[in-house]
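Asks: Before I ask anything, here is the structure I am working with.
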Amino acid sequence: MINSVPPALIFIIGALLLPLFRRKLQIFYLLLLPILGFINFINIPEGLHWSLKFLDYNLILVKVDKISILFGYIYHIITFLALLYSLHVKESVQHMAALFYAGAALGVVFAGDLITLFIFWEIMAFSAFYLVWASRTKESYGAGLRYLLVHIFGGLCLLVGIVMYFYETGSLEFGFIGLKSVSSWLIFIGFGLNCAFPGLHAWLPDAYPRTTPTGGVFMWTFTTKTAVYVLARGFPGTELLIWIGAVMTVFPIFFAVIENDLRKVLSYSLINQLGYMVTGIGIGTQLSLNGTFSHVFCHILYKALLVMSMGAVLYRTGKIKCTDLGGLYKSMPLTAIFCIIGAASISAFPLFSGFVSKSMVVEASAIGGLIPIWFMLTFASVGVLEHAGIKVPYHAFFSHDSGIRTKESPPHMLLAMGLTAFLCVFIGVVPGPLYSLLPYPVDFQPYTASHIVTTTQLLLFGILAYVFLMRAGIFPAEMRATNLDLDWFYRKGAQAFMWFISKPGSTVMQVINKIVFNEIPTFLGWLTKNPILAIKIMWDSILLLFSIPEKRKEIEARLKTEKAIYPGDSLAPIPVGVLVLWSIFFLLLYLIIYYAKGYI
Amino acid sequence: MGKKDFFDKPKNVKKFFIVFYISVIISLVAELFIHKHVYFPWEEYTFFYASFGFVAFVFLILIAKHILRPIVKRKEDYYND
């Protein structure tokens, strides 16, 4: 028996206990929690732990192997850094949501069966949703709701997939699934939605820029990387993923060029980075999977660094759009330096972390002879340079002077960014420790003369092109604008639906309402008072419509008397013969249906 | 805005660009002295990566500016939410 608890529980129970502490103690408590979690986590040996009997099923709360260990490391590290970064937030509920979120993400990466996975998956969606709402703006309210709705849809796909999968295979164990039947496709779509597959991605640039400056650090980390994890476990070597990943690297970079909101630029950048990981999963070789996992590790750090620096800008100035910012290096020089380190890391300059991880995936595509994929990934590398390497730091901290003078980021933010920046450079210079964490033996040397020179050329000439386009006045100016994405379909679609419901829809409903609840009961009430006479009246009314002129007078007179005496003697005797006839008719109908059923 | 900061002085901007252009030239010259490890034949062309980087960047910007932006650009308060 081991003296640990499942990693997810430390954070989740820790979150529940948070309100018991006074504000001043909370700061220490928040920093202590991830450290405690980390110590607990490294003491869990590899293997299956904590199996629970739930009804007839065997749930395995924790499955530890090399892959989940790697995610355990980085999730604990980033939780610590993100909590350090958000220490100034006074609202305990935000910390609780963030801890729940981190805990649930750990729950997923250690889940040994699909039910455990699903439960933590849903906790993740709900706690992340709160981090969007916590901004308390009109935009974040709508974006949060859309986030939740989209993820509930994804969760349902996943749940239905899991149930069908269990029905087909009789096993709930979470291992290789592979694209075979409908059930595996549903699971694939459920995973893919969280991973922002093209077409299922619109929730990401919609919701992420609306999170709080601190919540963003959690958001940019957990949901998508956990999706990468489950894809890498369930669908490694699925060829479709190569193409999905390559498309993910390419299409967001165009959106990032024209986007004005810098945190939205980072959202598109996130999809682009996930593309490399997904491609690595799709290729499915040891090198490419190592590439995916090392990229997860590095990416979490440098993307967090970029998000933190933009969060600090937003926190200090209340602004995040290119058109509003500029010249901030004067007031926030350290934040600017950290942002540049993040930018250099994501662009994969030598000596920074992106250089030692991204190239694994690109090289795996080259070894596999995947020519179009290789071109897409290399092209996307130039795109990363454009939006994350140049645009984010340049427009926030340099560019034209916006005249904004503010204070440098608070010390705890600077410390969080400084530590993250240190890790980015450390991994870039000394990749050995990271490589030793990877699941497969690493036979990859990033620092060859050829790799250094080719990468540097690619990047420097990208920058040269930027300088050239700027000087020539070709580079598109930043504009205040909303750039449409696929969320248009459900945002405008929902508006159209609401208009339809309220305008033509309600008129139709009123008519239906009147007929169903008013006219039919009145008619039935009238009819049942004396059905026989009522039928006579109806019959005579129809006769009147089709009668020849000579007869009309006679029928009109008869109708008039009938209506006058209605309901008349409602207890007029119904001949027994009629009753018997109806009974026989219905029995016969029943008999026919009964027998006919056998032949259909 | 009385105080002049680092990049407010044209001299410093100029220095910055001189350093940048020198590193560009170094990256080009360095290629002539190394043995390239290649997977595809086109990687062997001298300055392939330099030209690819430049062309890809220009291509990306032009497509985004002239094709994507006209399609997706709307007023800032388009969704009005």
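Each protein sequence line maps, in turn, to chains A and B.
In terms of my numbering, the numbers along the first sequence are unbroken and rise by one, the last being 605.
In terms of my numbering, the numbers along the second sequence are unbroken and rise by one, the last being 405.
Beta carbons: idealized from backbone N, C-alpha and C, even for Gly.
Determine the closest residue to Ala309 of chain A out of A:Leu491, A:Ala477, A:Leu419, with distance taken between C-alpha atoms.
Replies: The count along the first sequence starts at 1 and reaches residue 309 of chain A at position 304. Checking every option, the nearest Cα to that of Ala309 of chain A belongs to A:Leu419.
Asks: Counting only the same chain and skipping the five closest in sequence on each side, list residues whose C-beta sits under 8 Å from that of Leu610 of chain A.
Replies: Outside the shown range of chain A (6 to 605) lies residue 610 of chain A, about which nothing can therefore be said.
Asks: If we call anything under 8 Å between Cβ atoms a contact, is Asp70 of chain A one with Glu51 of chain A?
Replies: Position 65 of the first sequence holds residue 70 of chain A. Position 46 of the first sequence holds residue 51 of chain A. Against a cut-off of 8 Å, the Cβ pair of Glu51 of chain A and Asp70 of chain A comes out as a contact.
Asks: Measuring only between beta-carbons, confirm whether Glu413 of chain A sits less than 8 Å from chain B.
Replies: Within the first sequence, residue 413 of chain A is the residue found at index 408, counting from 1. Not an interface residue.
Asks: May I ask you to report which of helix, strand or coil DSSP gives Leu21 of chain A?
Replies: Looking up residue 21 of chain A in the first sequence gives position 16. The answer is helix: DSSP assigns Leu21 of chain A an H, G or I state.
Asks: Whole angstroms are fine: how far does the CA of Asn265 of chain A sit from the CA of Asp329 of chain A?
Replies: As a working mapping, residue 329 of chain A is identified with position 324 in the first sequence. As a working mapping, residue 265 of chain A is identified with position 260 in the first sequence. For Asp329 of chain A and Asn265 of chain A, the distance between alpha carbons rounds to 9 Å.
Asks: Starting from Ile65 of chain A, follow the beta strand (DSSP E) in both directions and report where the run begins and ends.
Replies: On the first sequence, residue 65 of chain A is found 60 positions in, with the first residue counted as 1. Per DSSP, Ile65 of chain A belongs to the beta strand (DSSP E) from 62-69.
Asks: Per DSSP, what kind of secondary structure is Thr669 of chain A in: helix, strand or coil?
Replies: There is simply no residue 669 of chain A to check, as chain A begins at 6 and stops at 605 in what is shown.
Asks: Mapping DSSP to helix, strand and coil, what is Ser140 of chain A?
Replies: Here residue 140 of chain A refers to the residue found at position 135 when the first sequence is read from its first residue. The answer is coil: DSSP assigns Ser140 of chain A none of H, G, I, E or B.
Asks: Could you say if the region 344-357 of chain A and the region 226-246 of chain A meet the contact criterion of at least three C-beta pairs nearer than 8 Å?
Replies: The region 344-357 of chain A is not in contact with the region 226-246 of chain A.
Asks: Only counting the same chain, and skipping five residues up and downstream in sequence, which positions put a Cβ closer than 7 Å to that of Glu144 of chain A?
Replies: Working through the first sequence from its first residue, we reach residue 144 of chain A at position 139. These residues qualify, in order along the chain: Arg215.
Asks: Can you find a CB in chain B that lies within less than 8 Å of the CB of Val114 of chain A?
Replies: Position 109 of the first sequence holds residue 114 of chain A. No, no contact with chain B.
Asks: Would you say the region 137-156 of chain A touches the region 243-256 of chain A, given that touching needs at least three Cβ pairs under 8 Å?
Replies: Verdict: no, contact absent.
Asks: Can you confirm whether Lys397 of chain B, when its beta carbon is compared against all beta carbons of chain A, has any partner nearer than 8 Å?
Replies: Residue mapping note: residue 397 of chain B aligns to position 73 of the second sequence, counting from 1. Closer than 8 Å: yes.
Asks: Using the beta-carbon of each residue, which ones in chain B are nearer than 8 Å to Ile372 of chain A?
Replies: The residue you call residue 372 of chain A lines up with position 367 of the first sequence. Within chain B, the residues near Ile372 of chain A are Tyr363.
Asks: With 9 Å as the limit, tell me which residues of the region 395-423 of chain A have their beta carbon closer than that to any beta carbon of chain B; keep them in chain order.
Replies: Residues passing the 9 Å Cβ filter: Phe403, Asp406, Gly408, Arg410.
Asks: Please list the residues of the region 272-301 of chain A that have a C-beta atom closer than 9 Å to any C-beta atom in chain B, keeping them in chain order.
Replies: So the list is empty, because no residue satisfies the distance condition.
Asks: Spell out whether any CB of chain C is found under 8 Å from the CB atom of Ser455 of chain A.
Replies: Looking at the structure shown, chain C is missing, and the protein chains on hand are A and B.
Asks: Assess contact between the region 358-372 of chain A and the region 448-465 of chain A, defined as three or more Cβ pairs (one per stretch) separated by less than 8 Å. Is contact present?
Replies: Yes, the region 358-372 of chain A touches the region 448-465 of chain A.
Asks: May I ask which residues mark the beginning and end of the beta strand (DSSP E) holding Leu57 of chain A?
Replies: Stepping through the first sequence from its first residue, residue 57 of chain A is reached at position 52. Start and end: 52-59.
Asks: For the region 463-479 of chain A, enumerate the residues whose C-beta is nearer than 9 Å to any C-beta of chain B, in chain order.
Replies: The residues in question are Leu463, Leu464, Leu465, Phe466, Gly467, Ile468, Leu469, Ala470, Tyr471, Val472, Phe473, Leu474, Ile479.
Asks: Chain B partners of Ala486 of chain A, CB-CB under 9 Å?
Replies: Within the first sequence, the letter at position 481 stands for residue 486 of chain A. Under the 9 Å cutoff, chain B gives Arg393, Val396, Lys397, Arg398, Lys399, Glu400, Tyr402.
Asks: Could you name the residues that DSSP lists as bridge partners for Glu178 of chain A?
Replies: Position 173 of the first sequence, counted from the first residue, corresponds to residue 178 of chain A. According to DSSP, which records beta bridges pairwise, Glu178 of chain A is partnered with A:Asp118.
Asks: Does DSSP put Asp401 of chain B in a helix, a strand or coil?
Replies: Taking the second sequence and counting its residues from 1, one reaches residue 401 of chain B at position 77. In this structure, Asp401 of chain B counts as coil in the three-state DSSP scheme.
Asks: Since Leu382 of chain A meets chain B, which of its residues come closer than 9 Å, beta carbon to beta carbon?
Replies: To locate residue 382 of chain A, count along the first sequence from 1; it is residue 377. Chain B residues near Leu382 of chain A: none, gap ~11 Å exceeds 9 Å.
Asks: If I measure Cβ to Cβ from Ser56 of chain A and keep anything under 8 Å in the same chain, skipping five residues before and after, which residues do I get?
Replies: Taking the first residue of the first sequence as 1, we reach residue 56 of chain A at position 51. Around Ser56 of chain A: Asn63, Leu64, Ile65, Leu66, Gly117.
Asks: Whole-angstrom Cβ separation of Leu177 of chain A and Ile120 of chain A, contact assumed at under 8 Å?
Replies: On the first sequence, residue 177 of chain A is found 172 positions in, with the first residue counted as 1. On the first sequence, residue 120 of chain A is found 115 positions in, with the first residue counted as 1. Contact holds; Cβ gap of about 6 Å.
Asks: Check whether the region 465-473 of chain A touches the region 384-391 of chain A, taking contact to mean three or more Cβ pairs, one atom from each stretch, closer than 8 Å.
Replies: Touching, yes.
Asks: Would you be able to state if there are at least three C-beta pairs under 8 Å between the region 147-161 of chain A and the region 87-104 of chain A?
Replies: Touching, no.
Asks: Where does Asp545 of chain A fall in DSSP's three states?
Replies: Stepping through the first sequence from its first residue, residue 545 of chain A is reached at position 540. Three-state result, Asp545 of chain A: helix.
Asks: Nearest to Tyr334 of chain A by CA position, among A:Met315, A:Ser352, A:Lys508, is which residue?
Replies: Position 329 of the first sequence, counting from 1, holds the residue named residue 334 of chain A. Measuring from the Cα of Tyr334 of chain A, the nearest candidate turns out to be A:Met315.
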